[in-house]
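What the sequence shown shows, in mature numbering (1 follows the signal peptide of the UniProt record, and there is no 0), is residues -19 to -1, 1 to 286, in sequence order. Each residue gets a CB set at the ideal place from its N, CA and C atoms; glycine is no exception. Taking it in order: structure first as structure tokens, then the write-up.
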Amino acid sequence: MRLLLALLVLAAAPPRARAASHWCYQIQLKPSNYTCLGPGEWEGSCQSNRQSPVNIVTAKTQLDPNLGRFSFSGYDRKHQWVVENNGHTVMVLLGDEVSIAGGGLSTRYRAKQLHLHWSRAMDQGSEHTFNGERFAMEMHIVHEKEKAPSSNVNEDDIAVLAFMVEAGSNNVNFQPLVEALSDIPRPNMNTTMKSSISLFHLLPEEESLRHYFRYLGSLTTPTCDEKVVWTVFQEPIQLHRDQILAFSQKLFYDHEQSMNMTDNVRPVQSLGQRQVFRSRAPGPLLSQPTLLAPALACLTVGFLR
Ligand SMILES: *[C@@H]1O[C@H](CO)[C@@H](O)[C@H](O)[C@H]1NC(C)=O
Ligand SMILES: *[C@@H]1O[C@H](CO)[C@@H](O)[C@H](O)[C@H]1NC(C)=O
Ligand SMILES: *[C@@H]1O[C@H](CO)[C@@H](O)[C@H](O)[C@H]1NC(C)=O
Ligand SMILES: [Zn+2]
């Protein structure tokens, strides 16, 4: 009998260990009885020193004249995208026909998926912060470098375009995504948007997209690989407060639908020795960057409220 018990305990051990090594956000730790790994224990490269997200101190960013406009390809293609709850976020799968070039990137990058980070609080849901300020949500469009399969791992293998989201007027362009959330409350569920939208529909005015920050960092989820060239746009997307709250209300981390999916936000990481760059400012101001640096800083700060 004792032997049988011992065997049962042994048999029960492996699944338990697997559960313990599964990563989660801070907010999931307590309700899951600390059986998952919170951000402080994430594995892979997560405890290294070139991590993301970071706080962007706009006055300390350095103007880089090579950071020009992006060329967006397929961003105008309207499609009924597949949307998935992956247990950590809601993800829109982007197929193979969307790509970016320019924007100071070394080559063309193909879009794979977009996903978001959010909170119920309108000042807690972004991963990156501007001068310590957090936004309601942050949207990441993840692109992969087009390259030969044999080539080495580089610090810019992945290009993520990051957009802040703030509470404002209702955004009808986001509605097909917001409405899809009701269909995918539990992890591993997917659905198709009921109407077609293009990526441009989700972004701020195209004219504003030449204002952005650039630095080298990591994925913000395990294994936090340090191979991401980050572009964080200054101009936020506006969604209505109710549209933002829908993400926390409709989506769940768990199959039992007991943990609302919210605060899926990694804490800010130390910038260390890294420099954050900013794209060139509009028009003639560019000709004398040193003389105009204070004016540019003012403009940038003004732009960020
Ligand atoms: C956590 O522990 C409580 C009390 O033992 C239990 O009711 C609950 O189901 C557990 N939750 C999980 C996610 O295991
Ligand atoms: C959507 O879910 C179904 C059922 O689980 C699965 O068969 C299908 O592969 C999924 N589709 C995508 C695009 O993930
Ligand atoms: C959690 O989800 C339930 C069910 O959708 C919803 O009624 C509730 O408002 C959500 N809680 C929060 C705090 O968002
Ligand atoms: Zn992300």
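{"Check": "Where does the unbroken alpha helix (DSSP H) through LYS231 begin, and where does it stop?", "Outcome": "222 to 231"}
{"Check": "Going by DSSP, what residue range makes up the alpha helix (DSSP H) through GLU160?", "Outcome": "156 to 161"}
{"Check": "Could you tell me whether the Cβ atoms of LEU190 and TYR56 are closer together than 7 Å?", "Outcome": "no"}
{"Check": "By alpha-carbon positions, which one of LYS128, ARG101 and PHE116 ends up nearest to ARG89?", "Outcome": "LYS128"}
{"Check": "Just how far apart, CA to CA, sit SER163 and ASP138?", "Outcome": "34 Å"}
{"Check": "Buried or exposed: where does PRO12 fall if 16 or more other Cβ atoms within 10 Å of its Cβ makes it buried?", "Outcome": "exposed"}
{"Check": "Among ALA92, ARG31 and VAL257, whose alpha-carbon lies nearest the alpha-carbon of GLU78?", "Outcome": "ALA92"}
{"Check": "List the endpoints of the continuous beta strand (DSSP E) containing GLN94.", "Outcome": "90 to 99"}
{"Check": "Which first and last residues belong to the alpha helix (DSSP H) in which PHE181 is found?", "Outcome": "180 to 183"}
{"Check": "Give a single yes or no on whether HIS121 has its beta carbon closer than 6 Å to a heavy atom of ligand 4.", "Outcome": "yes"}
{"Check": "Spatial neighbours of HIS109 within its chain, please: C-beta separation below 7 Å, excluding the five flanking residues on both sides.", "Outcome": "PRO34, VAL35, ILE37, GLU119, ALA143 and VAL213"}
{"Check": "Counting only the same chain and skipping the five closest in sequence on each side, list residues whose C-beta sits under 6 Å from that of TRP99.", "Outcome": "GLY106, MET118 and PHE228"}
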